[in-house]
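Beneath this line is the structure, given in structure tokens, with notes to follow.
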Amino acid sequence: MKTQRSEELFAKACRLLPGGVNSPVRSFKAVGGHPLFIRSAQGAILQDEDGNTYIDYVGSWGPMILGHAHPAVTAALQEAVVQSVSFGAPVEAEMRLAEVITRMVPGMGKIRMVNSGTEACMSAVRLARAFTRKSKILKFEGCYHGHADAFLVKAGSGMSTLGIPNAAGVPPAAVQDTIIVPFNNLKAVERAVDAYKNEIAAIITEPVAGNMGCIAPAEHFLAGLRHLCDEAGALLIFDEVMTGFRLAPGGAAERFGIQPDLFTFGKIIGGGLPVGAYGGRAEIMDLVAPVGPVYQAGTLSGNPLAMTAGFVTLQVIRQTPGFYEKLEEQSHYLESGLREALGALSVPFQINRVGSMLSVHFTEKPVMDFASAREGDNVFFRKFFHHMLQAGIYLPPSPYEAWFVSALHEREHLDRTIAAAASFRL
Ligand SMILES: *Cc1c(COP(=O)(O)O)cnc(C)c1O
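Going by the working numbering, the letters in the sequence shown line up with residues 1 to 426, in that order.
The structure is reproduced here in structure tokens:
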């Protein structure tokens, strides 16, 4: 595999950008080597700057559920781009996306568009605090809700990947109202709710964790959170930035039949353009300015290109019969194939999968929270990662990130992936 151009570009990038990247998870720091510079992508296939091609399981970290450069999305963007790309005034495209989201997601009264998942989560918490007139938030160890100060304690994703325990530059005051509890541990939530009676504004969670690998909620976990929130007068926030429109038309909330008070979205609803959104019960959302006193704004929020890409993405999903069934089938096929392939090695491993989110952990015990995810053998993961990359399979460069299957991962791609895994040797 020739990667000379990527190496040259990375050397240049390192002189211009901290660590050569604009988001730490891209850096390959956890797996060693240098990141590949990508030139283009089509469907499930990425092409790097040296002309190598890969089957892509990163999917831009979630958004590319239709595969890359979907013709309907591309055509709509081409049409939109010539109308000028931003006005700072309302556009019809905002409503189209808002309308399709409220149709697909049960309990979505009103929604506010922002520019990233980070903004969405930060704003949802501000809103929950205003609505409940309480200050504390409860989050789970290993869950990632973007990089706002209050969330940067025991967060998953890049912080776990890079082994950063607590982010520098976050003053103690910014996290003093953040309570951290292990994921899937309802007893611990109960204890925290008890200890901070009448002080908790919200419990925020990824309904399926995807930033410490993929971890399904234990049975009754989400229902238990709903119950505890109701008892404590706290809001339940589902951070569906990753799971929204990936696990079901109505996200994890629909898949698991639990209604949160607020949702946050991102990734898929931008179709690959920068986007986020938060929404939920209308009476809560009406506290947001200009109706209410909760201030939150954005120069580029509701950007016409982002709205268009997101709208068309969701329309294609809605109009494709059996969209989620096929994703489930393909993902199940991949999981079974990987199980068989890795089973032939004499190494302990776990494969966690919920719908089209999947992760492989080289560890003996089931992975159901951050502590068990950390048991994974990272040296082994590194070897596996580079073996797969050499074989043309582009995985997230971290054991703490979920793989994503898209609608365009066909049998042929999955078979090649399984064959690559089967040829892995220690
Ligand atoms: C990606 C992600 C975020 C942050 O979104 P950005 O657009 O990267 O700011 C927040 N929450 C979850 C669950 C995510 O997966």
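C-beta atoms are modelled at their ideal positions from N, C-alpha and C, and glycine is treated no differently.
Own chain, CB closer than 8 Å to residue i, minus 5 neighbours either side, in chain order
i	result
Leu52	Residue identity check: residue 52 is Asn in the sequence provided, not Leu. Result list for Asn52: Met1, Lys2, Thr3, Leu36 and Gly392, in chain order.
Phe10	Gly20, His34, Pro35 and Phe37
Gly32	Arg382 and His386
Ala253	Val105, Pro106, Gly107, Pro207, Phe238, Glu240, Gln259, Pro260 and Phe263
Residue burial classification, residue i (beta-carbon count within 10 angstroms, cutoff 16)
i	result
His413	buried
Ser398	buried
Asp48	buried
Leu17	exposed
Lys154	buried
Gly432	Here the chain has residues from 1 to 426 only, and residue 432 is not among them.
Val379	exposed
Gln176	exposed
Val85	exposed
Asp56	buried
Ser135	exposed
Arg246	buried
Leu97	buried
Glu340	exposed
Tyr394	buried
Those residues which DSSP pairs with residue i across a bridge
i	result
Thr53	Gln47
Lys136	Ile200
His361	Gln350
Ala209	Ile215
Val114	Gly276
His68	Gly43
Val288	Val294
Asp38	Residue identity check: residue 38 is Ile in the sequence provided, not Asp. The partner list for Ile38 (beta bridge, DSSP) reads Asp48.
Residues of its chain near residue i, where Cβ-Cβ distance is below 7 Å and the 5 sequence neighbours each way are ignored
i	result
Gly43	Gly67, His68 and Leu408
Ile258	Leu222, Ala223 and Arg226
Arg353	Cys214, Ser331 and Glu335
Glu7	His34
Pro217	Asn184, Pro207, Val208 and Phe256
Val316	Leu66, His70 and Ala72
Own chain residues within Cβ distance below 6 Å of residue i, not counting five before or after
i	result
Phe323	Ile317
Count the C-beta pairs between the segment 353 to 370 and the segment 402 to 411 that are closer than 8 Å, then say yes if the count reaches three, no if not. The count of Cβ pairs closer than 8 Å, one atom from the segment 353 to 370 and one from the segment 402 to 411, reaches three, so the stretches are in contact.
Which runs of the beta strand (DSSP E), 3 residues or longer, sit entirely within the segment 145 to 207? Within the segment 145 to 207, the complete beta strand (DSSP E) runs of at least 3 residues are 178 to 181 and 200 to 205.
Closer than 8 Å is the cut-off here; do at least three beta carbon pairs connect the segment 79 to 89 with the segment 298 to 315? Segments in contact, yes.
Which runs of the alpha helix (DSSP H) at least 4 residues long sit entirely within the segment 255 to 281? Give them in chain order. Complete alpha helix (DSSP H) runs here, min 4: none at all.
For the segment 217 to 241, which segments carrying the alpha helix (DSSP H) assignment without a break, of at least 4 residues, lie completely within its bounds, in sequence order? 221 to 232, all fully within the segment 217 to 241.
Jot down the residue ranges of each uninterrupted alpha helix (DSSP H) in the segment 389 to 423, minimum 4 residues, whole runs only, in chain order. Every alpha helix (DSSP H) stretch that sits fully inside the segment 389 to 423 and reaches 4 residues is listed by chain position as 411 to 422.
Touching by the beta-carbon criterion (3+ pairs, under 8 Å), the segment 316 to 331 and the segment 141 to 152: With a cut-off of 8 Å, the segment 141 to 152 and the segment 316 to 331 do not count as touching, because too few Cβ pairs lie within range.
Is it a yes or a no for the segment 174 to 191 touching the segment 366 to 373, going by three-plus beta-carbon pairs under 8 Å? The segment 174 to 191, when compared against the segment 366 to 373, does touch it at the 8 Å Cβ threshold.
Can you confirm whether the segment 117 to 131 touches the segment 146 to 156 when touching is taken to mean that 3 or more C-beta pairs between the two stretches lie within less than 8 Å? Pairwise C-beta distances place the segment 146 to 156 in contact with the segment 117 to 131, as three or more of them are shorter than 8 Å.
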